[in-house]
Amino acid sequence: GENVEQHPSTLSVQEGDSAVIKCTYSDSASNYFPWYKQELGKGPQLIIDIRSNVGEKKDQRIAVTLNKTAKHFSLHITETQPEDSAVYFCAASGGGFQKLVFGTGTRLLVSP
Amino acid sequence: EADIYQTPRYLVIGTGKKITLECSQTMGHDKMYWYQQDPGMELHLIHYSYGVNSTEKGDLSSESTVSRIRTEHFPLTLESARPSHTSQYLCASTPTDRVGEKLFFGSGTQLSVL
């Protein structure tokens, strides 16, 4: 089955800096890679996703890149703000949510 | 904001008690899921349902059971709670199972078994 590794487990940055979170996956059949943000006391929310036929996707200050050959994908947050502080999860799936495997999460802390 | 609700928000109970965690959604979604979230943050799928009268076990073995009698309601039951069941339980739903569909999560139930 799919295995997703996520690094780092914690990340502290100053406001305005960039943050990068990296994930690797094991199943070459995986073709969908979402990122979820979980704020304290809330359930995760989808913030961006990418499919295997695309190498990069941007949405304002966040971007995701995918390297299918190396089987890794990354989340990039530019101009970080205190409200970006949360736990971020990557995930990978080859078909259906019953096959969606989450990474172990990254706790991002943005200091003013 | 997602219209998916979980109750109770927090639950502290003694060993051996029977408990039911409630999950309801008002979006008419057919697909519903229960995830268990470790204190170390990992999310593991424990149950899912494709619609009324459909329930399946997820990748992580769980002693809990679920039912789906109505589209909007997907409760999770533990017949005899133990300290090893202490965890955060998250309910989620999607309108379809197509690639690229978004998972809508509830705010979770934090269960502590003493």
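Heads up: the protein sequence lines correspond to chains C and A, in order.
Each residue of the first sequence is one higher than the last, beginning at 3 in this note's numbering.
Each residue of the second sequence is one higher than the last, beginning at 240 in this note's numbering.
Beta carbons: idealized from backbone N, C-alpha and C, even for Gly.
Residue-chain proximity (residue i, chain A), Cβ-Cβ < 8 Å
{"i": "C/Phe75", "result": "no"}
{"i": "C/Leu68", "result": "no"}
Cross-chain neighbours of residue i in chain A, by beta carbon under 7 Å
{"i": "C/Val89", "result": "Met280"}
{"i": "C/Asp51", "result": "Gly339"}
Under 8 Å by beta carbon: chain A residues contacting residue i
{"i": "C/Thr106", "result": "Gly279, Met280, Glu281"}
{"i": "C/Asn33", "result": "Val338"}
{"i": "C/Leu48", "result": "Lys341, Leu342"}
Span of the beta strand (DSSP E) around residue i
{"i": "C/Asn69", "result": "64-69"}
{"i": "C/Gly98", "result": "Counting along the chain, C/Gly98 falls outside any beta strand (DSSP E), and DSSP gives it neither H nor E."}
{"i": "A/Ile357", "result": "Past the edges of chain A, shown from 240 to 353, lies residue 357 of chain A, and the structure says nothing about it."}
{"i": "C/Glu129", "result": "Residue coverage of chain C in this structure runs from 3 to 114, which leaves residue 129 of chain C outside it and unanswerable."}
{"i": "C/Arg109", "result": "108-113"}
{"i": "A/Gly253", "result": "Premise fails: A/Gly253 is in no beta strand (DSSP E) and is neither H nor E."}
{"i": "C/Pro36", "result": "34-40"}
{"i": "C/Arg53", "result": "47-53"}
{"i": "A/Lys341", "result": "Segment: none, A/Lys341 is in no beta strand (DSSP E) and carries neither H nor E."}
Chain C contact residues for residue i, given Cβ-Cβ distances below 9 Å
{"i": "A/Met346", "result": "For the record, residue 346 of chain A in the displayed sequence is Ser; it is not Met. Correct list: Gly43, Lys44, Gly45."}
Residue i at chain C interface by Cβ criterion, 8 Å
{"i": "A/Leu250", "result": "no"}
{"i": "A/Tyr244", "result": "no"}
{"i": "A/Leu284", "result": "yes"}
Under 7 Å from the C-beta of residue i: neighbouring residues of chain C
{"i": "A/Lys270", "result": "Phe99"}
Exercise. Between the region 315-332 of chain A and chain C, which residues of the former have a C-beta closer than 9 Å to a C-beta of the latter?
Worked result: So the list reads Leu329, Cys330, Ala331, given in the order they occur along the chain.
Exercise. Taking any Cβ of chain C, which residues in the region 292-303 of chain A have a Cβ under 9 Å from it, in chain order?
Worked result: If the cut-off is 9 Å between Cβ atoms, the region 292-303 of chain A has Glu295, Gly297, Asp298 near chain C.
Exercise. Between the region 248-262 of chain A and the region 80-92 of chain C, do three or more beta carbon pairs fall short of 8 Å?
Worked result: At 8 Å Cβ cutoff, the stretches do not touch.
For this session: Determine, using beta-carbon pairs with one atom in the region 287-297 of chain A and one in the region 240-253 of chain A, whether at least three such pairs fall under 8 Å.
Result: Between the region 287-297 of chain A and the region 240-253 of chain A there are fewer than three inter-stretch CB-CB distances shorter than 8 Å, so the stretches are not counted as touching.
Exercise. Taking three-plus beta-carbon pairs below 8 Å as touching, is the region 61-76 of chain C in contact with the region 21-33 of chain C?
Worked result: Between the region 61-76 of chain C and the region 21-33 of chain C, the count of Cβ pairs shorter than 8 Å is three or higher; the stretches touch.
Exercise. So does the region 304-312 of chain A actually touch the region 345-353 of chain A, counting three or more Cβ pairs closer than 8 Å?
Worked result: Taking 8 Å as the limit for Cβ pairs, the verdict is that the region 345-353 of chain A does not touch the region 304-312 of chain A.
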